[in-house]
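Quick note, the sequence shown lines up with residues 28 to 147 if you use this note's numbering.
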Amino acid sequence: LLEAQKVAPDDKRVQQELRKVKIELRNVEEQQSRAQVVEIRDSLKRARSESSDDAAREEAVVKLLRQLETTRISWETVMETRIGVELKSCQDGYGAEAQRLCAQILGRLKDESKEQRPMR
């Protein structure tokens, strides 16, 4: 399709097909992102509750937060997974690094939410 677009950039059929492919790609990426966020959220819950060693627990939480920090998350995924609730729990009970990561992630999600769902 990209080759066809280069050959005939004004061909409406090519543009329409390319648009369909881009939409499908976005849907697949969103599903993968949602699955990753759910996995991280569940792992955060387990890390907070299972480990009896405070240092090991905090290390596991920080590792998961770093993973979440690099994950692209849509506002829809934030709302469906309720990842913000888990982030707040992590922010309240751990050291400076976990608190910094939580604040940074929550801030990024808030900023992105304004872009994804602009106020009228």
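Where is the CB? At the ideal position from N, CA and C, for every residue including glycine.
Cβ shell of residue i (< 8 Å), same chain only, five flanking positions each side left out
i    : result
A130 : Q118
E57  : S101, E103 and T104
E51  : none
Cβ shell of residue i (< 6 Å), same chain only, five flanking positions each side left out
i    : result
L136 : V105
E139 : none
Proximal residues to residue i (C-beta, below 7 Å), its chain only, five neighbours per side dropped
i    : result
L91  : I67, S70, L71 and A74
L128 : V89, L92, R93 and E96
Q143 : S101 and W102
L114 : C129, I132 and L133
Identity of the residue in the options nearest residue i by Cα
i    : options                 : result
I132 : G111, A87, A123 and N54 : G111
D81  : V55, Y121, V48 and G134 : Y121
A83  : L114, A125 and L52      : A125
E107 : V48, V65, K49 and D38   : V65
What ranges does the alpha helix (DSSP H) occupy inside the stretch 50-133, keeping only unbroken runs of at least 4 residues that lie completely in it? 81-96, 102-108 and 110-120
Cβ pair count under 8 Å reaching 3, the stretch 56-73 against the stretch 99-114: yes
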